[in-house]
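What follows is a single structure, written as C-alpha cells, with notes after it.
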Amino acid sequence: MIILEFKAYGKKHQYLAIEEAIRTVKFVRNSCLRLWIDNRGISKYDLNKYCRVLAKDFDFASELNSTARQAAAERAWSSIARFYDNCNKKVSGKKGFPRFQKHCRSVEYKQSGWKLSPDKKSITFTDKKGIGKLKLKGTWDLWRFDKKQIKRARIVKRADGYYVQFCVSVDVKEQLKPADATVGLDVGLKDFYTDSRGKTEPNPRFYRTGEKRLKFYQRRVSRKKKGSTNRKKAINRLARHHLSISRRREEHAKRLARCVVRSNDLVAYEDLRVKNLVKNHCLAKSINDAGWYQFRKWLEHFGQKFGRVTVAVNPAYTSQNCSDCGEVVKKSLSTRTHICQCGCQLGRDHNAAINILNRALGTVGHTGTWVIDPNPCGELTSTLPDSGLVEQVGSLKQESPRL
-2 MIILEFKAYG KKHQYLAIEE AIRTVKFVRN SCLRLWIDNR GISKYDLNKY
48 CRVLAKDFDF ASELNSTARQ AAAERAWSSI ARFYDNCNKK VSGKKGFPRF
98 QKHCRSVEYK QSGWKLSPDK KSITFTDKKG IGKLKLKGTW DLWRFDKKQI
148 KRARIVKRAD GYYVQFCVSV DVKEQLKPAD ATVGLDVGLK DFYTDSRGKT
198 EPNPRFYRTG EKRLKFYQRR VSRKKKGSTN RKKAINRLAR HHLSISRRRE
248 EHAKRLARCV VRSNDLVAYE DLRVKNLVKN HCLAKSINDA GWYQFRKWLE
298 HFGQKFGRVT VAVNPAYTSQ NCSDCGEVVK KSLSTRTHIC QCGCQLGRDH
348 NAAINILNRA LGTVGHTGTW VIDPNPCGEL TSTLPDSGLV EQVGSLKQES
398 PRL
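Everything in the sequence shown is counted per the working numbering, starting at -2 for the first residue and increasing by one.
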C-alpha cells in the first residue's frame, strides 16, 4: 500500500467548497464522539449508522458524500479504539481519552464521490459540496495503476495550498542483491549518526538554521491586529516556513535511511523513546530538530521494502560498556572519548555503535523489524505488551517521488 500525493489547483469558489467539506467532516466526527460519550458500549457500526441520521437532520451533512461521512466516523472510532487499547495495555500516565476536534485539515472519500479524468491529470468530486474539477500536478505516474487499485482519495489542506492523496493497493517490495555488510547506528546531536565503521553523518539542524527567519515572521504576526486580514496573511507566511523546515528534515531522514538500508543486509539502531527524551527541556529543541523518530520510521519502512533486517536494540549502557572487553567505563555526556584499561580508545559514539551492532547480531537469519533486550539469556523479545519495550513506529506507506 502506497500513498501518492499531488498538488491540487482550482478556483476560489472551489477552495471555499473544500473548506466547507472539511468543516462538515469535523462536525460528523465530533457528533459521533458525542454519541459514544453519551452511550458507552456502542460499536463502530453504530457510528456508521449514525451518519445516516445526521444526514437526515442536517442539510449540510447530506451534501457530503456518504463514504466521506463514514470515513469521518471511522476517525472517531480510531481515537476510541486507541483509548481502549491503552487502557487494556495499562499504559502509564494519560490513556488518551478521545477529545473533540478543533482543527481539521482533510476530507477523505472512499471509492465513490470522485472520478479521475481519462488522462488522470485531474479529478472531479461529484458530491453536492460543489468542489468540482481540480487539476493535479505531481511527478507520480498515476496512469500506471488501475482505478480498482485506488482505495481512497483524500483532500488535505496545508499552509501552501491543497493536495490530493490517493491510497493505492500495490506491492512495494523490491529484491536486492546481498550487500555482505552489517552496520550499527548511534544517533546523536553533534553528528546525526555514527556507524560501527566510524563514519559520521553531519547533523543539518534545519530548525536552528531557520530559527532567525522564524522569529522575523513571528514578530510580524504579533504586530498585526487580531482578526485582521493582514494577520491571517502573516500567520500563513509563518506556517509556510515551518512547513518548509519540516519537509527538509523529513526528506533528509528519508534519503539517509534509504542509502543505509540498501547498502547493508542488517541495520541495528537504538530503540529510543523520543517522547521521554524531550522531557529534558535543555535538549528538547535539539532532539526534535534532529529527527530521530523520522529516521527510524524510514529505516523500518525501507527494511520491509527491500527485504533487509532492521533491529531495534535497547540503548542501555551502550555508551558505557567497552566494545572490546565489555568492561563498564562510566563517563558523563561531556566526555566524548571512550578510553578503557584494555587499551581500547574510540570515540564515544563509535564505541556505542559497535555495541549496538554486537547486540543485534543475534538476530541473523530473522527478517523484519525486531527489538532486542540484552537480558542474560540472550533471548529475542518482540514489541509485545509483556516484553517491556513498547513499539514506537508503525509501518510507513508514503515515499518521495524521487526515490
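All C-beta atoms, glycine included, are put in the ideal place defined by N, C-alpha and C. From a predicted model like this one, the values you see are computed outputs, not experimental measurements.
Delimiting residues of the beta strand (DSSP E) encompassing residue i
{"i": "R293", "result": "Note, R293: premise wrong, no beta strand (DSSP E); alpha helix (DSSP H) at W289 to F303."}
{"i": "V306", "result": "V306 to V310"}
{"i": "E105", "result": "S103 to Y106"}
{"i": "E248", "result": "It is not in any beta strand (DSSP E) - E248 instead sits in the alpha helix (DSSP H) that spans T226 to R259."}
{"i": "K112", "result": "W111 to L113"}
{"i": "K4", "result": "I(-1) to Y6"}
Spatial neighbours of residue i in its chain, beta-carbon cut-off 7 Å, leaving aside the 5 residues before and after
{"i": "N27", "result": "F97 and Q98"}
{"i": "R234", "result": "Y214"}
{"i": "K302", "result": "V169, K170 and E171"}
{"i": "K327", "result": "Q317"}
{"i": "K126", "result": "A14, E17, A18, E60 and L61"}
{"i": "P312", "result": "E267, D268 and L269"}
{"i": "K134", "result": "F3, K4 and Y6"}
{"i": "Y160", "result": "E2, F3, K4, A5 and V153"}
{"i": "R202", "result": "D286"}
{"i": "N227", "result": "K221"}
Residue burial classification, residue i (beta-carbon count within 10 angstroms, cutoff 16)
{"i": "Q402", "result": "One cannot answer for residue 402 here, as it falls past the ends of the chain, which runs -2 to 400."}
{"i": "S403", "result": "Nothing about residue 403 can be reported from this structure: the residues present for the chain run from -2 to 400 only."}
{"i": "K148", "result": "exposed"}
{"i": "K9", "result": "exposed"}
{"i": "P175", "result": "exposed"}
{"i": "P115", "result": "exposed"}
{"i": "N348", "result": "buried"}
{"i": "R246", "result": "buried"}
{"i": "P403", "result": "Here the chain has residues from -2 to 400 only, and residue 403 is not among them."}
{"i": "S109", "result": "exposed"}
{"i": "T315", "result": "buried"}
{"i": "T64", "result": "buried"}
{"i": "L358", "result": "exposed"}
{"i": "V264", "result": "buried"}
{"i": "F24", "result": "buried"}
{"i": "S75", "result": "exposed"}
{"i": "H298", "result": "buried"}
{"i": "Y81", "result": "exposed"}
{"i": "Y204", "result": "buried"}
{"i": "A58", "result": "buried"}
{"i": "N277", "result": "exposed"}
{"i": "M(-2)", "result": "exposed"}
Helix, strand or coil at residue i according to DSSP, with G and I counted as helix
{"i": "I369", "result": "Confidence in I369 is poor, its pLDDT being 47 and thus under 50, which makes the residue's placement too unreliable to answer from."}
{"i": "I15", "result": "helix"}
{"i": "W140", "result": "helix"}
{"i": "G344", "result": "strand"}
{"i": "Q146", "result": "helix"}
{"i": "I39", "result": "coil"}
{"i": "Y266", "result": "strand"}
{"i": "V218", "result": "helix"}
{"i": "R485", "result": "No answer is possible for residue 485: the residues shown for the chain start at -2 and end at 400."}
{"i": "G90", "result": "coil"}
{"i": "K53", "result": "helix"}
{"i": "K118", "result": "coil"}
{"i": "Y190", "result": "strand"}
{"i": "V326", "result": "coil"}
{"i": "N27", "result": "helix"}
{"i": "N85", "result": "helix"}
{"i": "G135", "result": "coil"}
{"i": "N285", "result": "helix"}
{"i": "A223", "result": "In the sequence on display, residue 223 carries Lys and not Ala. In the structure shown, K223 sits in coil (DSSP, three-state: anything other than H, G, I, E or B)."}
{"i": "G207", "result": "helix"}
{"i": "T364", "result": "The predicted position of T364 is uncertain, since its pLDDT is 42 and thus under 50; no value can be drawn from it."}
{"i": "L403", "result": "Because the chain in this structure spans residues -2 to 400, residue 403 falls outside the shown range and cannot be described."}
{"i": "L99", "result": "First, the residue type needs correcting, since residue 99 is Lys and not Leu in the sequence shown. If DSSP states are grouped into helix, strand and coil, K99 belongs with coil."}
Spatial neighbours of residue i in its chain, beta-carbon cut-off 6 Å, leaving aside the 5 residues before and after
{"i": "S193", "result": "V180, G181, A350, I351 and L354"}
{"i": "N45", "result": "Q67 and A70"}
{"i": "A231", "result": "R217, V218 and K221"}
{"i": "G7", "result": "L131"}
{"i": "T197", "result": "D188 and T191"}
{"i": "L250", "result": "A quick correction: the sequence has Ala, not Leu, at residue 250. Excluding positions up to five away in sequence, the list reads G288, Q291, F292 and W295."}
{"i": "Q11", "result": "I128 and G129"}
{"i": "V184", "result": "Y190 and W289"}
Enclosing alpha helix (DSSP H) for residue i [first to last residue]
{"i": "T332", "result": "Counting along the chain, T332 falls outside any alpha helix (DSSP H), and DSSP gives it neither H nor E."}
{"i": "F57", "result": "D56 to S59"}
{"i": "K126", "result": "Where K126 is concerned, there is no enclosing alpha helix (DSSP H), given that its DSSP letter is neither H nor E."}
{"i": "L475", "result": "A question about residue 475 goes unanswered here, because the residues of the chain that appear run from -2 up to 400."}
Cβ neighbours of residue i in the same chain (closer than 8 Å, five flanking residues each side left out)
{"i": "W140", "result": "D116 and K117"}
{"i": "G344", "result": "T191, G195, R333, T334 and H335"}
{"i": "S103", "result": "I19, V22, R151, I152, V153 and K154"}
{"i": "C84", "result": "K92"}
Whole beta strand (DSSP E) runs in the region 151 to 178 with 3 or more residues, listed along the chain? DSSP runs (the beta strand (DSSP E)) wholly in the region 151 to 178: 158 to 165.
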